[in-house]
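Colleague:
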Amino acid sequence: MRLRPYLLTLLFLLLAISLSIAIGSVFIPPSDLWRVLTGRPAQAVAQAAIIVLTLRLPRTALVALTGAALGGSGAAYQGVFRNPLADPYLIGVASGAGLGAVLAMSIQWPYTPAGLLAIPVAAFVGALLTVATVYLLARVGKTVPTTNLILAGVAVSAFATGLTSSLMLRSTGELRRALAWLLGGAAFAGWDPVLIVLPFVLLGLGTLLLSGHALNLLQFGDDQAAQMGLPVMRTKVIVLLAASLTTAAAVAFSGIIGFIGLILPHVMRMWFGPDYRRLLPLSAIGGAAALLVADVLARAVMAPQELPVGIITALFGVPFFLWVLRRAKNQGYW
Amino acid sequence: MLRIENLTVSYGPRRVLHSVSLDVQSGEVVALIGPNGAGKSTLVRVASGIVPAEVGIVRTNGDDLLTLPSMQRARHLAVVPQAVSMPAAFTVWETVLLGRTPYLNFLGQVSAADEAIACRALAKVDALELAGRRVGELSGGEQQRVLLARALAQATPILLLDEPTSNLDLHYQVSFMETIQALARQDDLAVLIALHDLNLAARFADRLVLLVDGEVKASGTPQQVLTPELISVAYNLPVQVVPHPFEDALLVLPASPASPRRR
Chain A
1 MRLRPYLLTL
11 LFLLLAISLS
21 IAIGSVFIPP
31 SDLWRVLTGR
41 PAQAVAQAAI
51 IVLTLRLPRT
61 ALVALTGAAL
71 GGSGAAYQGV
81 FRNPLADPYL
91 IGVASGAGLG
101 AVLAMSIQWP
111 YTPAGLLAIP
121 VAAFVGALLT
131 VATVYLLARV
141 GKTVPTTNLI
151 LAGVAVSAFA
161 TGLTSSLMLR
171 STGELRRALA
181 WLLGGAAFAG
191 WDPVLIVLPF
201 VLLGLGTLLL
211 SGHALNLLQF
221 GDDQAAQMGL
231 PVMRTKVIVL
241 LAASLTTAAA
251 VAFSGIIGFI
261 GLILPHVMRM
271 WFGPDYRRLL
281 PLSAIGGAAA
291 LLVADVLARA
301 VMAPQELPVG
311 IITALFGVPF
321 FLWVLRRAKN
331 QGYW
Chain B
1 MLRIENLTVS
11 YGPRRVLHSV
21 SLDVQSGEVV
31 ALIGPNGAGK
41 STLVRVASGI
51 VPAEVGIVRT
61 NGDDLLTLPS
71 MQRARHLAVV
81 PQAVSMPAAF
91 TVWETVLLGR
101 TPYLNFLGQV
111 SAADEAIACR
121 ALAKVDALEL
131 AGRRVGELSG
141 GEQQRVLLAR
151 ALAQATPILL
161 LDEPTSNLDL
171 HYQVSFMETI
181 QALARQDDLA
191 VLIALHDLNL
201 AARFADRLVL
211 LVDGEVKASG
221 TPQQVLTPEL
231 ISVAYNLPVQ
241 VVPHPFEDAL
251 LVLPASPASP
261 RRR
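Those sequence lines, one after another, are chains A and B. Quick note, the first sequence lines up with residues 1 to 334 if you use our numbering. Quick note, the second sequence lines up with residues 1 to 263 if you use our numbering.
#1: Would you say residue 305/A faces chain B, with C-beta separation under 7 Å as the test?
#2: Can you tell me whether residue 38/A is buried or exposed, with buried defined as 16 or more other CB within 10 angstroms of its CB?
#3: From residue 97/B to residue 290/A, what distance separates their C-alpha atoms?
#4: Which same chain residues end up closer than 7 Å to residue 143/B when comparing Cβ atoms and leaving out the 5 residues on each side of it in sequence?
#5: Does chain A have any CB closer than 7 Å to the CB of residue 50/B?
#6: Contact between the region 85-96 of chain A and the region 123-136 of chain A is defined here as three or more beta-carbon pairs at a separation below 8 Å; is this criterion met?
#7: What distance in whole Å lies between the Cβ atoms of residue 146/B and residue 130/B, which are believed to be in contact at a cut-off of 8 Å?
#8: Within 7 Å (strictly less), CB to CB, does residue 231/A reach chain B?
#9: Between the region 104-124 of chain B and the region 158-175 of chain B, can you find at least three pairs of beta-carbon atoms closer than 8 Å?
#10: Classify residue 236/B as buried or exposed, calling it buried when 16 or more other Cβ atoms lie within 10 Å of its own Cβ.
#11: For residue 263/B, name the three-state secondary structure that DSSP assigns.
#12: For the region 43-53 of chain B against the region 196-213 of chain A, do three or more pairs of beta-carbon atoms, one drawn from each stretch, fall closer than 8 Å, so that the two count as touching?
#13: Checking contacts by CB at 7 Å: is residue 152/B closer than that to chain D?
#14: Please state whether DSSP places residue 78/B in a helix, a strand or coil.
#15: Can you tell me whether residue 232/B is helix, strand or coil according to DSSP?
#16: If residue 124/A sits next to residue 208/A, beta carbons under 8 Å apart, how far is it from one beta carbon to the other, in whole angstroms?
#17: Got a sec: is the Cβ-Cβ distance from residue 46/B to anything in chain A below 7 Å?
#18: For residue 263/B, decide whether its Cβ has a neighbour in chain A, counting only Cβ atoms nearer than 7 Å.
#19: Is residue 76/B buried or exposed, if buried means 16 or more other CB atoms sit within 10 Å of its CB?
#20: What does residue 84/B pair with, by DSSP beta-bridge criteria?
#21: Counting pairs of beta carbons, one from the region 207-226 of chain B and one from the region 20-36 of chain B, are three or more of them closer than 8 Å?
#22: Listing by chain order, which chain A residues have their CB less than 7 Å from the CB of residue 99/B?
#23: Which of helix, strand or coil does DSSP assign to residue 246/A?
#24: To the nearest angstrom, how far is it from the Cα of residue 306/A to the Cα of residue 24/A?
#25: With 7 Å set as the bound, which would you pick, yes or no: does the beta-carbon of residue 219/A sit closer than that to a beta-carbon of chain B?
#26: Is the shortest distance between the beta-carbon of residue 308/A and the beta-carbons of chain B less than 7 Å?
#27: Within 10 Å of its beta-carbon, does residue 119/A have 16 or more other beta-carbons around it, so buried, or fewer, so exposed?
#28: For residue 267/A, which option in 280/A, 256/A and 257/A has the closest C-alpha, if you only look at C-alpha atoms?
#29: Alpha carbon to alpha carbon, how far is residue 232/A from residue 196/B? Give it in angstroms, no decimals.
#30: At 3 residues or longer, what runs of the beta strand (DSSP E) sit wholly inside the region 72-130 of chain A?
#31: Could you give the distance in angstroms between the alpha-carbon of residue 18/A and the alpha-carbon of residue 263/A?
#32: Tell me which same chain residues have a C-beta within less than 6 Å of the C-beta of residue 23/B, skipping the five on either side of it?
#33: Taking residue 107/B as the query, report the chain A residues whose CB atoms sit under 8 Å from its CB, ordered along the chain.
#34: What distance in whole Å lies between the Cβ atoms of residue 58/A and residue 190/A, which are believed to be in contact at a cut-off of 8 Å?
#35: Would DSSP call residue 222/B helix, strand or coil?
#36: Does any residue of chain A bring its CB to less than 7 Å from the CB of residue 266/B?
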């Protein structure tokens, strides 16, 4: 196994984590950070300790999980649809998850772990219903042509977004939180969202990380994959379920954040090759790191005002992606 | 060996294969010939479990391949598909190793033995020097050899090929068929190959099966099947069949569809 790609992306992630903990409306110098994290906060850094432990660390963890979920599920969607444009948004999964999450928020839920849990569960149900609807709409006999799938996805996605918007327009009270959520960002604080999302991400992303070989086979098309021994339909259903679970987890507390799921898998593919056994974990690690950096920028660019992180991922992610695309000398990287 | 019994297949209301039976012995190359739409590709797809059969059995040493799960079927039967687009960024080596899938766990971890088999498969099709290249950089002939190597890496007793020579130039057509013939003899493979080119079929196949409108119209040696009568009717085109001037084979010479049939 080649280790260099993993070392590089992990190094990037480590850097992003450090930045995310250190930078904010109050800068925490690395020396203080070290004391806090090693559990020896002196009197002088007590304030830093509170900031780090109750604000920065949970936020960093949530952002990292979200980024990993978006990067990993993005790679999986691109692989299972054999389409470089596929991402968690394309087939309507994210919009469906968003609708579910907003519905859950529009009910006057209490801000308790059980109340919070309703959001990812509703998001997952929304995501699954969307996938099922899109799948049924796109199906022709026993096959699901990719073009149909994408067209149905775009249509269903628009419908779900419309419903979400109309719910938001009636927003009062609690739904203000939903509005902040929709823009992507820290509408939720503390460790509860992290702990609630963690099992979803572990299960979904874990399943995806095991499907690398199957996705490699699928790159040759359904027929050849089956002839090489892959149970194609079962594999696709499992991968789509896992990717939707992962997306729902990401959307549940972080809102709709674009481009991470689309761009990270491409960047990793251009740098480290098309093997999905490598691509999936690298996209997850890279997604976590990239979203952390975007989140730091969102906090820092117009401090103390905070920008929605979705704006940052679009403003910085797209030019970066175009730059990488131009630099990719071999045209046939896909 | 491969034995197809009574295979009937429909796409919706349209029947594409009607009670087709044929067999291929180990060490033998059988060519499946017939006009466009006769059902050659469908037969390959059904036998490899991609298209379901209405009725019929695809047998190898007692097992019905159609009832086996895909993983087990892929240990009996490998397919070289018709010229297909392959994921350009994969290397030849990665591609051929995927042929070992039926023997791997779901993570696809390969052992040294798997690598040795993939290596031998590449050597058999004379493509070892391509191992590090990306599939997208290869010529059509090279890609076809890689697909053959991938099928050989599956280490199956049965090999199905669907129009493997349709995109190849004259040189590659002949050398590809020579490789196929040699593989059948040396490795005792049962080879069923769908072919458009009747002259390639005449020269390299031990037996021919003529498929027309989903039915077997004739089967036997090239001499038995490649008669002007059978071929003219099957392809709706007057033809002459003559001995090859310098090979031990027949040549089928088509005339213009409009020209009167000469005796």
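Note that beta-carbon positions come from the ideal geometry of N, C-alpha and C, so glycine has one too. Remember, it's a predicted structure, so these values are computed and weren't measured experimentally.
Modeller: Here's the rundown:
#1: Numbered from 1 along the first sequence, position 305 holds the residue referred to as residue 305/A. Contacts with chain B at 7 Å (Cβ-Cβ) do not include residue 305/A.
#2: For the purposes of this step, residue 38/A is identified with residue 38 of the first sequence, where counting begins at 1. Result: exposed.
#3: The residue you call residue 97/B lines up with position 97 of the second sequence. The residue you call residue 290/A lines up with position 290 of the first sequence. Counting only the Cα atoms, residue 290/A lies some 33 Å from residue 97/B.
#4: Within the second sequence, numbered from 1, the residue matching residue 143/B stands at position 143. Closer than 7 Å at the Cβ level, and outside the excluded window around residue 143/B, lie 86 and 135.
#5: Counted from its first residue, the second sequence places residue 50/B at position 50. Taking Cβ atoms only, chain A reaches closer than 7 Å to residue 50/B, which makes this a yes.
#6: Contact between the region 85-96 of chain A and the region 123-136 of chain A is present, because at least three Cβ pairs lie under 8 Å.
#7: On the second sequence, residue 130/B is found 130 positions in, with the first residue counted as 1. On the second sequence, residue 146/B is found 146 positions in, with the first residue counted as 1. In this structure residue 130/B touches residue 146/B by the C-beta definition: roughly 7 Å separates them, less than 8 Å.
#8: Mapped onto the first sequence, residue 231/A falls at position 231. Yes, contact with chain B.
#9: Counting C-beta pairs with one atom in each stretch, the region 158-175 of chain B and the region 104-124 of chain B have fewer than three that are closer than 8 Å, which means they do not touch.
#10: Your numbering for residue 236/B matches position 236 in the second sequence. If you draw a 10 Å sphere on the C-beta of residue 236/B, you find fewer than 16 other C-beta atoms in it, and that means exposed.
#11: For the purposes of this step, residue 263/B is taken as residue 263 along the second sequence, with counting starting at 1. In this prediction, residue 263/B scores a pLDDT of 45, lower than 50, which makes its location untrustworthy; no coordinate-derived value is stated.
#12: The region 196-213 of chain A and the region 43-53 of chain B do not touch, with fewer than three beta-carbon pairs separated by less than 8 Å.
#13: The structure shown contains no chain D; the protein chains it does contain are A and B.
#14: Within the second sequence, the letter at position 78 stands for residue 78/B. Correct three-state label for residue 78/B: strand.
#15: As a first step, residue 232/B must be located in the second sequence, where it is residue number 232. Residue 232/B carries a helical assignment under DSSP once its states are collapsed to helix, strand and coil.
#16: Locating residue 124/A in the first sequence gives position 124, where the first residue counts as 1. Locating residue 208/A in the first sequence gives position 208, where the first residue counts as 1. Taking a contact as a CB-CB distance under 8 Å, the pair residue 124/A and residue 208/A does not count as one, their CB atoms being some 15 Å apart.
#17: Residue numbering aside, residue 46/B sits at position 46 when the second sequence is read from its first letter. Not an interface residue.
#18: Numbered from 1 along the second sequence, position 263 holds the residue referred to as residue 263/B. Any reading at residue 263/B must be qualified, since the residue scores a pLDDT of 45, below 50, and its modelled position is unreliable; no value is offered.
#19: By 1-based counting over the second sequence, the position of residue 76/B is 76. Looking at its Cβ environment, which holds 16 or more other Cβ atoms inside 10 Å, residue 76/B is buried.
#20: Counting from 1 along the second sequence, the entry for residue 84/B is found at position 84. Paired residue(s): none; residue 84/B is not in a bridge.
#21: Enough Cβ pairs lie closer than 8 Å, so yes.
#22: Taking the first residue of the second sequence as 1, we reach residue 99/B at position 99. Chain-order list of chain A residues neighbouring residue 99/B: 228, by C-beta distance under 7 Å.
#23: One-based indexing of the first sequence puts residue 246/A at position 246. In this structure, residue 246/A counts as helix in the three-state DSSP scheme.
#24: Position 306 of the first sequence, counted from the first residue, corresponds to residue 306/A. Position 24 of the first sequence, counted from the first residue, corresponds to residue 24/A. The straight-line gap separating the alpha-carbon atoms of residue 306/A and residue 24/A is approximately 10 Å.
#25: By 1-based counting over the first sequence, the position of residue 219/A is 219. So yes, residue 219/A belongs to the interface.
#26: Taking the first sequence and counting its residues from 1, one reaches residue 308/A at position 308. So, not an interface residue.
#27: Residue mapping note: residue 119/A aligns to position 119 of the first sequence, counting from 1. Under this definition residue 119/A is a buried residue.
#28: Numbered from its first residue, the first sequence carries residue 267/A at position 267. Answer by Cα proximity: 280/A.
#29: Reading the second sequence from its first residue, position 196 is the one you call residue 196/B. Reading the first sequence from its first residue, position 232 is the one you call residue 232/A. Roughly 30 Å between the two C-alpha positions.
#30: Counting only runs of 3 or more, we get nothing.
#31: As a working note, residue 18/A is residue 18 in the first sequence. As a working note, residue 263/A is residue 263 in the first sequence. C-alpha separation (whole angstroms): 23 Å.
#32: Within the second sequence, the letter at position 23 stands for residue 23/B. Counting only Cβ-Cβ distances below 6 Å, and skipping sequence neighbours, we find 3.
#33: Indexing the second sequence from 1 puts residue 107/B at position 107. Near residue 107/B (Cβ distances below 8 Å), the residues of chain A are 210, 212, 213 and 277.
#34: Within the first sequence, numbered from 1, the residue matching residue 190/A stands at position 190. Within the first sequence, numbered from 1, the residue matching residue 58/A stands at position 58. About 6 Å separates the beta carbon of residue 190/A from that of residue 58/A, a gap short enough to meet the 8 Å contact definition.
#35: Mapped onto the second sequence, residue 222/B falls at position 222. Looking at residue 222/B - three-state DSSP - the assignment turns out to be helix.
#36: It is not possible to answer for residue 266/B, since the shown part of chain B is limited to 1 through 263.
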